Every structure is written in C-alpha cells, then in structure tokens.
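See below for the structure under consideration.
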C-alpha cells in the first residue's frame, strides 16, 4: 500500500503520547496489506481496490489501551493521502 501524505488526528496523537503508544507497528502492518480487524469481505474489497486508479482502503486495529483505530488511504491517479484516527473520528 502506498501511503502518500500521512497524518493523524490530534486526539489520537495526544492519546498515544500520554500512553506511550507507537503507531508505527500499526502503520507498517497496514502498509504491508495487513488490514487488521476487518471482516473477510472488507479485506477482499481492499485487496481489489488497490488496483484502481482512484480508490479507498481502510484498516482497523486495536491499541494496547483497548481503543480501535482506523488507518485510511484515499487516492487518485496523482496522489495518495493516509490518515490515522480513532474509529469514532471518521
């Protein structure tokens, strides 16, 4: 998965700083097409979507503190953008 511009919400960054959580292992899993806690149908959709000129992929992961996060990439034929956020921030 090509991430392109990568960002995270301020609330997630603050939470990770407070609890000393490193987001990089989750981002690396996502980047290697490990979609985390999604169902098989959603994982299959992501795998097919990656070949489109414009598209969207989503991964879901659980932090050590129990909260769920999304990593989401959208792209067109010019650029990719990826955001990391709590699931209720989407």
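Residue numbers (this note's numbering): 4 to 93. Note that the Cβ used here is the ideal one computed from N, Cα and C, for glycine as well. Quantities reported herein were computed from a predicted structural model and do not represent experimental measurements.
If contacts are defined as beta-carbon pairs under 8 Å, then residue i and residue j qualify, I think. What distance do you get, rounded to the angstrom?
| i | j | result |
| --- | --- | --- |
| residue 73 | residue 61 | 6 Å |
| residue 4 | residue 36 | 6 Å |
| residue 39 | residue 32 | 7 Å |
Taking the beta strand (DSSP E) that residue i belongs to, which residues open and close that run?
| i | result |
| --- | --- |
| residue 26 | It is not in any beta strand (DSSP E) - residue 26 carries neither H nor E in the DSSP assignment. |
| residue 62 | 58 to 65 |
| residue 85 | 83 to 89 |
Excluding the 5 residues flanking residue i on each side, which residues of the same chain have their C-beta closer than 7 Å to its C-beta?
| i | result |
| --- | --- |
| residue 15 | 72, 87, 88, 89 |
How is residue i classed by DSSP in three states: helix, strand or coil?
| i | result |
| --- | --- |
| residue 15 | helix |
| residue 68 | coil |
| residue 75 | strand |
| residue 20 | helix |
May I ask which residues mark the beginning and end of the alpha helix (DSSP H) holding residue i?
| i | result |
| --- | --- |
| residue 46 | 43 to 52 |
Excluding the 5 residues flanking residue i on each side, which residues of the same chain have their C-beta closer than 8 Å to its C-beta?
| i | result |
| --- | --- |
| residue 7 | 76, 78, 82, 83, 84, 85 |
For residue i, which residues of its own chain have a beta-carbon under 6 Å away from its beta-carbon, when the five flanking residues on both sides are left out?
| i | result |
| --- | --- |
| residue 11 | 87 |
| residue 28 | none |
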